[in-house]
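In this note's numbering, the protein residues as written are 47 to 508. All remarks here apply to the structure that follows.
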Ligand SMILES: Cc1ncc(COP(=O)(O)O)c(C=O)c1O
């Protein structure tokens, strides 16, 4: 298959990036013969080479060449308290000394679960996993066993991890055809519906009696890149309850981020099951499935024996790992006792507005939008008239919202890196409680410089 990134034309931006990141280029040369595409996560695919990072602190990180960046990747959203929060580090270090894996039950897992339960209203029971992907996998298995049904409804573009059941419907295979390596019957069991479309959702549920679950990212695909009206959640709650379909919120990103109690706490809509990850483990690997006792009891030895149903097995070497538990406890305590979520949200709101100010100043008909502690860029490929600070992403079809020129986006990312700002390849990011005035100012200046550089390469055409 041709390498898309390799087809991106060389340019002043690419050359300047290569010049500034020679250490990264050298590591990438080595990595290419070791990893497919030289990378360990698809999102790191970047022409001419990904950035190799060395260390991080607060809202910043440094690459192997000593360049400093304002970080909006922030641990793929896991680090709402910033890199290396002293209390989280102290807790994790202490537990490393006390034992990184105790091969048994431990005190911290009980405290950790208790904190999650105190914050997440629907968490009657908790089962820790090693990742968010594992949490959605377990959610689906429990939902199927609980209902005795096989299919599930998901929403186009919503991401729920990379296991087989969640491939069709994310970025392709919306018709339930299998991606390479996925069994056709597994892919066919997912029914993909347009997010927010009540009629389509109702029809999908009505047409198919064999639906076990509905799973959703409660603030929309990619945390709100294609945003969702929160009222849709209440609608889903009603529709699923009426049909005994299990409602699963994927709060791997939104949990402990949009608010201490996640989207369910914020909107007051309680799902049956919730997948957690990222912030839950304080920036270390970890996840959890939480939810209704009745459904979670399928994992319980006694409850299964009493109901004479086969207990559902669940193992995992790193479930409730003590170091992740220590970090998770420290982080969740701070989140529950402080205004960390509020600060991250407020910073993002101000940043979005000021980034839009730069677009207006340079007469670029794009818009930065988002809610909570996220921001996204609409590059308006179809050239609709818009005023950046009044742009309402709900009025744009999700496909149009995410449409963008791949070469332009790749070079925008490099131009932002050249200006000391790291964002996702789609120019989106998460903010933290430790992003402040200096980081905002550096980001605004960086955005202005990056756009001017892009204009000089792409002309005034965009
Ligand atoms: C909404 C959502 N669900 C699930 C996952 C999968 O979590 P993990 O990467 O821990 O497997 C992610 C990861 O980015 C996510 O954003």
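Note that beta-carbon positions come from the ideal geometry of N, C-alpha and C, so glycine has one too.
In or out: residue i buried (at least 16 other Cβ within 10 Å) or exposed?
i: residue 141; result: buried
i: residue 353; result: exposed
i: residue 58; result: exposed
i: residue 298; result: buried
i: residue 88; result: exposed
i: residue 50; result: Bear in mind that the predicted position of residue 50 carries a pLDDT of just 48, short of 50, making it unreliable; the figure below should be weighed with that in mind. By the 10 Å Cβ count, residue 50 comes out exposed.
i: residue 139; result: exposed
i: residue 92; result: buried
i: residue 156; result: exposed
i: residue 310; result: buried
i: residue 229; result: exposed
i: residue 459; result: buried
i: residue 48; result: Bear in mind that the predicted position of residue 48 carries a pLDDT of just 43, short of 50, making it too unreliable to give a figure here.
i: residue 344; result: buried
i: residue 433; result: exposed
i: residue 296; result: buried
i: residue 52; result: The predicted position of residue 52 is uncertain, since its pLDDT is 49 and thus under 50; a value taken from the coordinates is nonetheless stated next. Classification for residue 52: exposed.
i: residue 263; result: buried
i: residue 470; result: buried
i: residue 317; result: buried
i: residue 384; result: exposed
i: residue 368; result: buried
i: residue 440; result: exposed
Let me check you understand the geometry: is the CB of residue i closer than 6 Å to at least one non-hydrogen atom of ligand 1?
i: residue 536; result: Any answer about residue 536 is impossible in this case: the structure gives the chain only from 47 up to 508.
i: residue 417; result: no
i: residue 179; result: yes
i: residue 260; result: no
i: residue 206; result: yes
i: residue 292; result: no
i: residue 299; result: yes
i: residue 323; result: yes
i: residue 296; result: yes
i: residue 506; result: no
i: residue 503; result: no
i: residue 133; result: no
i: residue 263; result: yes
What distance in whole Å lies between the Cβ atoms of residue j and residue i, which are believed to be in contact at a cut-off of 8 Å?
i: residue 233; j: residue 260; result: At roughly 17 Å, the Cβ-Cβ gap does not stay under 8 Å, so residue 233 and residue 260 are not in contact.
i: residue 119; j: residue 468; result: 6 Å
i: residue 128; j: residue 478; result: 5 Å
i: residue 359; j: residue 166; result: At roughly 25 Å, the Cβ-Cβ gap does not stay under 8 Å, so residue 359 and residue 166 are not in contact.
i: residue 381; j: residue 126; result: 7 Å
i: residue 220; j: residue 257; result: Contact flag wrong, Cβ pair sits at about 17 Å.
i: residue 173; j: residue 338; result: Not quite, the Cβ-Cβ distance comes to about 12 Å (not below 8 Å), so this is no contact.
i: residue 274; j: residue 266; result: 4 Å
i: residue 488; j: residue 116; result: 5 Å
i: residue 461; j: residue 400; result: Wrong, their Cβ atoms sit about 18 Å apart, outside the cutoff.
i: residue 391; j: residue 418; result: 5 Å
i: residue 70; j: residue 95; result: 6 Å
i: residue 444; j: residue 224; result: Actually they are not in contact, since the Cβ atoms of residue 444 and residue 224 sit about 23 Å apart, beyond 8 Å.
i: residue 287; j: residue 328; result: Not a contact, Cβ separation roughly 34 Å.
i: residue 148; j: residue 272; result: Between residue 272 and residue 148 the Cβ distance is about 43 Å, and since that is not below 8 Å, they are no contact.
i: residue 453; j: residue 55; result: 7 Å
**Message:** List, from N- to C-terminal side, the beta strand (DSSP E) runs of 3 residues or more that fit wholly inside the segment 300 to 346.
**Reply:** Those beta strand (DSSP E) runs which fall completely within the segment 300 to 346 and span 3+ residues are 319 to 322, 333 to 337.
**Prompt:** Which full runs of the alpha helix (DSSP H) of 4+ residues lie inside the segment 116 to 177, going along the chain?
**Reply:** Correct list: 132 to 144, 153 to 165.
**Request:** Any chance you could list the beta strand (DSSP E) runs of at least 3 consecutive residues sitting entirely within the segment 353 to 415, in chain order?
**Result:** Taking only runs of at least 3 residues, the beta strand (DSSP E) segments lying wholly in the segment 353 to 415 are 413 to 415.
**Asked** Which runs of the beta strand (DSSP E) spanning at least 3 residues fall entirely within the segment 226 to 264, listed in chain order?
**Response** Entirely contained in the segment 226 to 264, the beta strand (DSSP E) runs reaching 3 residues are, in chain order, 236 to 239, 257 to 262.
**Prompt:** Which whole runs of the alpha helix (DSSP H) in the segment 418 to 487 are 4 residues long or more, in chain order?
**Reply:** Within the segment 418 to 487, the complete alpha helix (DSSP H) runs of at least 4 residues fall at 444 to 448, 452 to 464.
**Request:** Pick out the complete beta strand (DSSP E) segments inside the segment 75 to 116, 3 residues or longer, and give them in chain order.
**Result:** Listed in chain order, the complete beta strand (DSSP E) runs (minimum 3 residues) inside the segment 75 to 116 are 99 to 103, 106 to 109.
**Message:** As an exercise, report each continuous beta strand (DSSP E) stretch of at least 3 residues that is fully enclosed by the segment 180 to 231, in chain order.
**Reply:** Correct list: 197 to 201.
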